[in-house]
Amino acid sequence: MRLSSLSDYAVVMMSAAARHCGGVRLNATLLAEETGVPLPTAQKLVSRLSSAGLLESTRGTGGGFRLSRPPAAISLADVIEAVEGPIALTACVEESRHDCAIEGSCRVRPHWTVVNTAVRGALAGVSLAQLSVEPVSQSAPHNAISRAPALAGAQE
Numbered sequence: 001m002r003l004s005s006l007s008d009y010a011v012v013m014m015s016a017a018a019r020h021c022g023g024v025r026l027n028a029t030l031l032a033e034e035t036g037v038p039l040p041t042a043q044k045l046v047s048r049l050s051s052a053g054l055l056e057s058t059r060g061t062g063g064g065f066r067l068s069r070p071p072a073a074i075s076l077a078d079v080i081e082a083v084e085g086p087i088a089l090t091a092c093v094e095e096s097r098h099d100c101a102i103e104g105s106c107r108v109r110p111h112w113t114v115v116n117t118a119v120r121g122a123l124a125g126v127s128l129a130q131l132s133v134e135p136v137s138q139s140a141p142h143n144a145i146s147r148a149p150a151l152a153g154a155q156e
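Quick note on numbering: the sequence shown equals residues 1 to 156 in full-length UniProt numbering.
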């Protein structure tokens, strides 16, 4: 399973917008320059993200756009669905679709909803606030951190 380039770019742009939250109004040009997303793609994504209600836009002098909600209230699932539509791993989870050749005899079909719900839940559990902060350095081994209190206690 792989996200489309558009979804990937939308997440990158929305994360950058989250870093500017509360600051200046943004525009597609600024985000394109900051993120490296090509300007025509950034403009297209701003339109889709606005249509989905994730960005609010203001026209005129001093116009631009900003996040419609705080970064903690916008999930990765929200951004992906704004670009791709509802998250559906297979056609089986879309009740209106009946184009599978083995639909009548498939014994896995009833389980795809559970799998799809789990994947969507995982994506919904990641917020723009989490994606917009600098990641913690992975240079220190996890064991060194977990052993430090034990060593300090052993010396006492």
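Where is the CB? At the ideal position from N, CA and C, for every residue including glycine.
Between the alpha carbons of Val37 and Ser15 lies a gap of roughly 13 angstroms.
Within the model, the alpha-carbon separation for Ala124 versus Leu76 is close to 6 angstroms. Counting only the Cα atoms, Arg19 lies some 8 angstroms from Val133. Per DSSP, Gly121 is not a residue of any beta strand (DSSP E); the alpha helix (DSSP H) it occupies stretches across Arg109 to Ala124. Membership of Arg19 in any beta strand (DSSP E) is not indicated; the residue belongs instead to the alpha helix (DSSP H) covering Ser5 to Arg19.
Inter-residue distance for Ile80 and Ala88 is about 11 angstroms (C-alpha atoms, whole angstroms).
Taking one beta carbon from each stretch, the stretch 56-63 and the stretch 101-112 have fewer than 3 pairs nearer than 8 angstroms; the two do not touch. Assigned with DSSP and collapsed to three states, Arg59 falls in coil, not helix or strand. Within a 10 Å sphere around the beta-carbon of Ala32 sit 16 or more other beta-carbons, which makes this residue buried.
The beta-bridge partner set that DSSP reports for Leu39 is empty. Using a Cβ distance threshold of 8 angstroms, Leu128 and Pro71 count as a contacting pair.
With 16 or more neighbouring CB atoms inside 10 Å of its own CB, Val12 falls in the buried class. In the structure shown, the three-state DSSP call for Leu54 is coil. Per DSSP, reduced to three states, the secondary structure at Ser75 is strand. Taking each of Leu131, Ile102, Thr90 and Cys100 in turn and checking the Cα distance to Asn116, the smallest one comes out for Thr90.
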